[in-house]
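Asks:
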Amino acid sequence: FVLSIMMIVLANGLTTFAEKFISSGLASLISTLSPLCVLLLNLGLGNEKLSKKTTIGIVLGMFGIFLIYQNSIADLINPEYRLGIFAILTAVFMWSVGTIITKKGLRNPAPILLNVAVQMIFAGFILLLIQFFINPNFAAATFSARSSFAVLYLAVFGSVVGYVAYSYLITQWPSTKVSVLAYVNVVVALFLGWLILDEIITSKMIFATLLIICGVFIVNYKRVQKKG
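Every letter in the sequence shown is one number past the one before it in this note's numbering, and letter 156, counting from 1, is 1221.
1) Contact between the region 1238-1249 and the region 1097-1104 is defined here as three or more beta-carbon pairs at a separation below 8 angstroms; is this criterion met?
2) Just to confirm the assignment, what range does the alpha helix (DSSP H) spanning PRO1100 have?
3) Does DSSP put ASN1143 in a helix, in a strand, or in coil?
4) Roughly how many angstroms separate the alpha carbons of PHE1082 and LEU1217, rounded to a whole number?
5) Considering Cα atoms alone, identify which of ILE1165, ALA1076, LYS1169 is closest to ALA1152.
6) Since ASN1250 is in the alpha helix (DSSP H), which residue starts that stretch and which ends it?
7) State buried or exposed for ASN1136, treating a residue as buried only when at least 16 other CB atoms are found within 10 Å of its CB.
8) Excluding the five sequence neighbours on either side, which residues of its own chain have a C-beta within less than 8 angstroms of the C-beta of VAL1281, listed in chain order?
9) Assuming THR1274 contacts VAL1252 (C-beta within less than 8 angstroms), just tell me the rounded distance between them.
10) Are PHE1086 and LEU1276 touching if we call contact CB-CB under 7 angstroms?
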């Protein structure tokens, strides 16, 4: 129940809330701070030691993301965005703490599906209560076909597939390595924007994408020792 509050109600809920007040570019930029936050928390708690490989990988990834979203940097000092920035920074912190708790709590991979199911059901109930409290006149009939499809897609791929995979990987890998995979979301978003929305991909974006991929690879690369 603690994880459902931290990672779904607060992390995902506050991210959605924040995007009502800040640009999507700024939201994406701040959200990618989670690997750095997880690393700093692990170092502070003594869970992991700082390695050159991890440091280089995270810095490369963050620099690539900076190149992609550099036009959103100025929004950080926009006074109209203060509430949204505070909300999404809180979301990043909650997700990072939840990631570390998940690593500590889920030693046995067998109950992962059950744990995730309980988290989502409990969090969904809490979020519904919050929604009805904020907007008691909410009506599902106001959803457009496009909005309904987006909700369905996020429910299946973002929640069921993505969250289950994330929870499983945390039981297998160090939490910092798993959190760095969040950088891949930026690469996928760029590709889908080009494929579906005909968005323009510049040479700078391609270079930034290569930096992000290199950063993720460096953090997660493990040399295989040959036997014999």
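The beta-carbon is built from N, C-alpha and C at its ideal position, and this holds for glycine as well.
Given the structure is predicted, the values throughout are model-derived calculations rather than measurements.
Replies: In short, the structure shows the following:
1) The region 1238-1249 vs the region 1097-1104: in contact.
2) As a first step, residue 1100 must be located in the sequence shown, where it is residue number 35. Run containing PRO1100: 1099-1110, per the alpha helix (DSSP H) assignment.
3) Translated into the one-based positions of the sequence shown, residue 1143 becomes position 78. It is coil, neither helix nor strand.
4) As a working mapping, residue 1082 is identified with position 17 in the sequence shown. As a working mapping, residue 1217 is identified with position 152 in the sequence shown. C-alpha separation (whole angstroms): 19 angstroms.
5) Taking the first residue of the sequence shown as position 1, residue 1152 is located at position 87. That would be ALA1076, whose Cα lies nearest to the Cα of ALA1152.
6) Sequence index remark: in the sequence shown, residue 1250 carries index 185 (1-based). For ASN1250, the enclosing alpha helix (DSSP H) starts and ends at 1248-1261.
7) Here residue 1136 is taken as the residue at index 71 of the sequence shown, counted from 1. Under this definition ASN1136 is an exposed residue.
8) In the sequence shown, counting from the first residue as 1, residue 1281 sits at position 216. GLY1122, GLY1126, VAL1245, LEU1246, TYR1248, VAL1249, listed in sequence order.
9) Walking along the sequence shown from the start, residue 1274 turns up at place 209. Walking along the sequence shown from the start, residue 1252 turns up at place 187. That belief holds up - the Cβ atoms of THR1274 and VAL1252 are roughly 5 angstroms apart, short of 8 angstroms.
10) Here residue 1086 refers to the residue found at position 21 when the sequence shown is read from its first residue. Here residue 1276 refers to the residue found at position 211 when the sequence shown is read from its first residue. It is not a contact, given that the beta carbons lie outside the stated cut-off.
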